[in-house]
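Colleague:
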Amino acid sequence: MKKLIELDINGRIYEVAIDARDLLIDVIRNKVGLTGSKKGCGDGDCGACTVLIDGKPELSCIKLAIASQGKKITTIEGLVQESGQLHPIQQAYVDHGAVQCGFCTPGMILSSKALLDRNPNPTEQYIKHELSGNICRCTGYKRIIEAVEAAAKVWSKEGV
Amino acid sequence: MEKKDLNLKSKWNLTPEGWNLEGVPACQDEKRYTQVGRSVPRIDGPIKVKGEAIYTGDMTLPGMVYGKIKRSIYAHAIIKKIDCSKARELPGVLAVLTGDEAPNKWGIVPQAANETVLAVGKVRFYGEGVAAVAALDEETAEAALGLIEVEYERLPVLLNPFESMERSQEVLIHEDSKGNIMHAGEQVYGDVDKAFAGCEYVLEREFHTNYPQHGFLEPHSALASYDAQNGQLHLWASSQIPHYLHRQMSIVLEIPMNKIRVTLPTIGGGFGGKGEAAPSEFVACLLSRKVGRPVKVVYDRQEVFYTNKGRHPCHMKVKMGLDKDGYIQAVDFDNTLDKGAYSGWGIVVLFYTASMIHLPYKVPNARFRGRSVYTNKPSTGAMRGLGGVQPRWALECLMDEMAEMMGISPYELKLKNAIESGHTCINNMFVPHSEFKKCLETAVKKSGFLEKQGKLPFGKGIGMAGGYYITGTAYTLYQNYKPHTTVMIRVDTEGGVTLLCAAAEIGQGCNTVMAQMVAEELGIQYEDVHVQSGDTEIGAFDLGSFASRLTYAAGAAIKMACVEINQRLKETAAGMLGVRADQLVIKNHEIYSMYEIKKRISWEKAVEAYTSINGTLVGMGNFSPPRRKGIDIISGNRVQGANIGHSPTFGFSSQVHEVEVDVETGRIYVKKVTEAGDCGTPVNPMSVDGQVEGSIMFNIGACLYEDQKLDVNGKHLNPNFHDYKTPTTMEMPEMDTNIVESYDHSAPFGVKETGEGAVQPTFPALTNAIYDAIGVRFYNLPITPEMVLKVLKDKKEGKL
Chain A
111 MKKLIELDIN
121 GRIYEVAIDA
131 RDLLIDVIRN
141 KVGLTGSKKG
151 CGDGDCGACT
161 VLIDGKPELS
171 CIKLAIASQG
181 KKITTIEGLV
191 QESGQLHPIQ
201 QAYVDHGAVQ
211 CGFCTPGMIL
221 SSKALLDRNP
231 NPTEQYIKHE
241 LSGNICRCTG
251 YKRIIEAVEA
261 AAKVWSKEGV
Chain B
337 MEKKDLNLKS
347 KWNLTPEGWN
357 LEGVPACQDE
367 KRYTQVGRSV
377 PRIDGPIKVK
387 GEAIYTGDMT
397 LPGMVYGKIK
407 RSIYAHAIIK
417 KIDCSKAREL
427 PGVLAVLTGD
437 EAPNKWGIVP
447 QAANETVLAV
457 GKVRFYGEGV
467 AAVAALDEET
477 AEAALGLIEV
487 EYERLPVLLN
497 PFESMERSQE
507 VLIHEDSKGN
517 IMHAGEQVYG
527 DVDKAFAGCE
537 YVLEREFHTN
547 YPQHGFLEPH
557 SALASYDAQN
567 GQLHLWASSQ
577 IPHYLHRQMS
587 IVLEIPMNKI
597 RVTLPTIGGG
607 FGGKGEAAPS
617 EFVACLLSRK
627 VGRPVKVVYD
637 RQEVFYTNKG
647 RHPCHMKVKM
657 GLDKDGYIQA
667 VDFDNTLDKG
677 AYSGWGIVVL
687 FYTASMIHLP
697 YKVPNARFRG
707 RSVYTNKPST
717 GAMRGLGGVQ
727 PRWALECLMD
737 EMAEMMGISP
747 YELKLKNAIE
757 SGHTCINNMF
767 VPHSEFKKCL
777 ETAVKKSGFL
787 EKQGKLPFGK
797 GIGMAGGYYI
807 TGTAYTLYQN
817 YKPHTTVMIR
827 VDTEGGVTLL
837 CAAAEIGQGC
847 NTVMAQMVAE
857 ELGIQYEDVH
867 VQSGDTEIGA
877 FDLGSFASRL
887 TYAAGAAIKM
897 ACVEINQRLK
907 ETAAGMLGVR
917 ADQLVIKNHE
927 IYSMYEIKKR
937 ISWEKAVEAY
947 TSINGTLVGM
957 GNFSPPRRKG
967 IDIISGNRVQ
977 GANIGHSPTF
987 GFSSQVHEVE
997 VDVETGRIYV
1007 KKVTEAGDCG
1017 TPVNPMSVDG
1027 QVEGSIMFNI
1037 GACLYEDQKL
1047 DVNGKHLNPN
1057 FHDYKTPTTM
1067 EMPEMDTNIV
1077 ESYDHSAPFG
1087 VKETGEGAVQ
1097 PTFPALTNAI
1107 YDAIGVRFYN
1117 LPITPEMVLK
1127 VLKDKKEGKL
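First to last, the protein sequences are chains A and B. Offset between the first sequence (1-based) and the working numbering: plus 110. Offset between the second sequence (1-based) and the working numbering: plus 336.
1) Give me the Cα-Cα distance between G911 (chain B) and N594 (chain B), rounded to the nearest whole angstrom.
2) How about Y251 (chain A): is its C-beta nearer than 7 Å to some C-beta of chain B?
3) Determine the direct distance from the alpha carbon of V992 (chain B) to that of M1126 (chain B), and round the result to whole angstroms.
4) Looking at the C-beta of I119 (chain A), does it have a partner C-beta in chain B at a distance below 7 Å?
5) Identify which residue in B:I409, B:R424, B:L1102 and B:K965 has its Cα closest to the Cα of G797 (chain B).
6) Check whether the Cβ atoms of N1035 (chain B) and T947 (chain B) sit closer than 7 Å, and answer yes or no.
7) Measuring only the C-alpha atoms, how far is G470 (chain B) from G795 (chain B)?
8) When Cβ atoms are compared, which residues of the region 535-569 of chain B fall closer than 8 Å to chain A?
9) How would you list, in chain order, the residues of chain B whose beta-carbon sits under 9 Å from the beta-carbon of T160 (chain A)?
10) Between B:S691, B:V631, B:K406 and B:Y462, which lies nearest to P398 (chain B) when the distance is taken from Cα to Cα?
11) Using a Cβ-Cβ cutoff of 8 Å, what residues of the region 181-192 of chain A are near chain B? List them in chain order.
12) My output table needs one value for D512 (chain B): the three-state DSSP class, helix, strand or coil.
13) Below 8 Å on the Cβ atoms is my contact criterion, and I expect V823 (chain B) with A876 (chain B) to pass it. Report the Cβ-Cβ distance as a whole number of Å.
14) Note down the Cα distance separating S586 (chain B) from F618 (chain B), rounded to an integer number of angstroms.
15) Which residue comes first and which comes last in the beta strand (DSSP E) that contains N847 (chain B)?
16) Considering only C-alpha positions, which residue in the set B:A730, B:Q903 and B:L722 is nearest to T807 (chain B)?
17) If you follow the beta strand (DSSP E) that W572 (chain B) is part of, which residue opens it and which one closes it?
18) Against chain B, which members of the region 137-149 of chain A pass a CB distance test of less than 9 Å?
19) Hey, would you say G157 (chain A) sits closer than 7 Å to G212 (chain A), going by beta carbons?
20) Using the Cβ count rule (16 or more neighbours within 10 Å means buried), how would you classify P714 (chain B)?
21) Since C151 (chain A) and N1056 (chain B) should fall inside the 8 Å C-beta cutoff, what is the C-beta to C-beta distance between them, to a whole number of angstroms?
22) Between the region 620-634 of chain B and the region 602-610 of chain B, do three or more beta carbon pairs fall short of 8 Å?
23) Roughly how far, in whole angstroms, is the beta-carbon of L189 (chain A) from the beta-carbon of I219 (chain A), given that I think they are within contact range, below 8 Å?
24) For I138 (chain A), which of helix, strand or coil comes out of DSSP?
25) For E1067 (chain B), count neighbouring C-beta atoms within 10 Å of its own C-beta (all shown protein chains included) and say buried if the count is 16 or more, exposed if not.
26) Just to confirm, is the Cβ distance from Y278 (chain B) to P649 (chain B) under 7 Å?
27) Looking at chain A, which residues of the region 626-642 of chain B have a Cβ within less than 7 Å of any of its Cβ atoms?
28) If we call anything under 7 Å between Cβ atoms a contact, is T1073 (chain B) one with D1025 (chain B)?
29) Quick check on the DSSP output: the beta strand (DSSP E) that includes E487 (chain B) runs from which residue to which?
30) Along chain A, which residues have their Cβ under 8 Å away from the Cβ of M1071 (chain B)?
31) Using DSSP with H/G/I as helix, E/B as strand and the rest coil, what is Q976 (chain B)?
32) Could you work out which residues of chain B lie near T215 (chain A), taking near to mean beta carbons separated by less than 7 Å?
33) Within 10 angstroms of its Cβ, does G567 (chain B) collect 16 or more other Cβ (buried), or is it exposed?
34) What does the alpha-carbon distance come out to for the pair Q371 (chain B) and Y928 (chain B)?
35) With three or more C-beta pairs closer than 8 Å as the rule, is the region 761-775 of chain B touching the region 1008-1016 of chain B?
36) In angstroms, rounded to a whole number, what distance separates the CA positions of I484 (chain B) and T392 (chain B)?
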């Protein structure tokens, strides 16, 4: 039995017909059509599917879509600023070479945003701890951490 | 001298000798680059951070349906019967496919190809595909798999290569492979036994490596669309090797290559794991041809583990002999490789391990005996640093031990034996250029290795190792002499500059590097270059991303393609300026006379003038690597398999690892890694650092945590990222990577590789550091906390 629900994604309300067992990642990718969120493992281990739900990073591959109603969901597509400019975290990832294959990148950036929202002046250890749920096999993480540190500097100066 | 070392990355406008060529005509100054040697951001960076890059799994085509594969629940069994009738009847199911419908064998090395799309008559590993379904949606496809009934007759499961050889009388994995041996080979150069007899120091050890897999984050994905009206097939695939995939698709589907087009969308990592065709790709194509609609097949993570082509576990006996002064006289290397179920890259990997003993140290006498043995596991294949990582680990650990025997530093022993530019190995492998000694010196000096080794408190240790890897490859995998890379560069007033090629951007950054090289040659900016890569129809020919070949091969082809373009533009500009074309220089969007600098014209104007008369300007370039033969240079005899490992040039590197071992928990913490690499000219130094840092973490994972475990029946125990542990940010050490100044005059732009060389020293440097910390040498991988605790206990009880 399909059920019609409303999901608030990136500030827009999407009406989608879903099964009760449908996972949030599949609904976002296949029904809403926002394919920026990635499915790397489907088991909640790799973090590529990370989205922000009410500002907190959550694994959308182990979360039911039906349980996400009435919450504010942010995906990677919701980060670009209105003028089309990159969000400072996105810009820092580009500038610091923190992107290689890019498959972990959307989830990694959203985890970075969540950690900077909580703590705009993070230590390296704090960044490492907060990003430890996002696997990257390409970069060795060093440039990702540098990018977050650089974004934090912009953050504390300009506020985003 | 000290100051120079600290500024390793800042002097790309100087020659290796440190000359400043300011004032020298730019045409005579091959090293003064403006686009090459710059740390520019990747051209695909913005779309990737915005989530707009399209990977295969993100694609949807009109009328697209979904394919899924039914997998074997036994690791070795005869298929008695497959009943698909119930699955066919399920509403929403469009087609069911079984192995006998596509029995042609595929494999990247055609001489040994023995894999079929789906199992035919027999399954040889747990999770092997036995049938496939196309259905309107994924749920229906999944449900249909459950309705397919397969009757098996189980066979003994062989999971260890020694058991596999021993029990081959009882059961063969492949009927045509006696002894369950895929291939055995021997290579002898010089007189090894005589050399050992004259050695002052001789040591022999056994080493056993583990069974890691790539762990690329994007699972195998394929989308195929067959047009029944014109017989044209279009495949979008997550692959590193569009050409070899193209070729094998043609063989399996029995349609000509010109009716197949392979396109690579964005690829989410490969590390060798997408360096062979995959059943997902064949199944998508076969089902699409069957149902006349586009079919998408995306593996889940478990399926990636079931079908992975990870690193060969190697069981190695290594013996080395040194003379009284510490010079290597002979190496004897015996290797038993665990091949898994099918041949794949098998022969190539076998002989790569053989060729790895010849560098980066001078070895005047060498003997290799090896065999690659079938087992009932997923086939092993290419994984970052193919064939190099295992022997490098063994040899560098052995040398560490031998240095201790001699009472000298391993650094001294390695430096003493290190090869230099112009070295010819005993197997006729030729190294045109090497800064390996500089790598050793830089890593040792910057880490303070000599001051720390043997002097740190118990539980803390430091270890070093060297390494090298091929840059490019000398031979295609099938008999053919065609160039390995062809590129086409199009210049006009509409598209600007477009590079059309079939290189595979798998995340390593080749599109950016190629744009930099095109811009360098044409005298424009890298942002001006459009790159159309990874397409067998739009692009020109390319073998793919493997063997660290792309920067070198594409660089050479690009240089050649630009010659024609620059000549035409110079002729056009010469007429406009009233000077001779051969006096013109093209730099920074301008064409000017090198003698009368006021005679200049913008590059765009020259393009406009040329195209308004002649139309679009096109340059073609290609690259064929030199083909040296594997020859014993003493006897003059050609040696079996010895062509493998030859390459146009070689990259070198060295690493020093510092560890802390928690003696209570056995846990090993890698605190700091100091690396120095010779990658020739770093086209994009930031990208080089990214490759190196990624390499280090990749193999720290495989050295300490990663190992695929199977139960006695061959069933996977950890086919997910929860139980198969890859490093996270928490395991990241401090990393100090250094690009040593290097320029290979035999290479385009002086480039070499960096994608696979940097994984080579990680295992041994780490293992040697653990020895320095707790005084115990490990000969098995991965080095787990359990192993550490056991040896510490044994040591305490005096058993060690």
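Every residue gets a Cβ at the ideal spot worked out from N, C-alpha and C, and that includes glycine.
Modeller: Here's the rundown:
1) 42 Å
2) yes
3) Note on residue identity: the sequence assigns Lys, not Met, to residue 1126 (chain B). When rounded, the distance between both Cα atoms is 26 Å.
4) no
5) B:L1102
6) no
7) Reading off the sequence, residue 470 (chain B) comes out as Ala, not Gly. Going by the C-alpha atoms only, they are around 57 Å apart.
8) H550, G551, F552, L553, E554 and P555
9) Those within 9 Å of T160 (chain A) in chain B number zero; the least Cβ separation is about 11 Å.
10) B:V631
11) T185, I186, E187, L189 and V190
12) coil
13) 6 Å
14) 10 Å
15) Careful: N847 (chain B) lies outside any beta strand (DSSP E), inside the alpha helix (DSSP H) at C846 to L858.
16) B:L722
17) Q568 to A573
18) R139, N140, G143, L144, T145, G146, S147, K148 and K149
19) no
20) buried
21) 7 Å
22) no
23) 7 Å
24) helix
25) buried
26) Examination of residue 278 (chain B) is not possible in this model, given that chain B is present from 337 through 1136 alone.
27) D636 and R637
28) yes
29) E485 to R490
30) G250 and K252
31) coil
32) K384 and V385
33) exposed
34) 19 Å
35) yes
36) 28 Å
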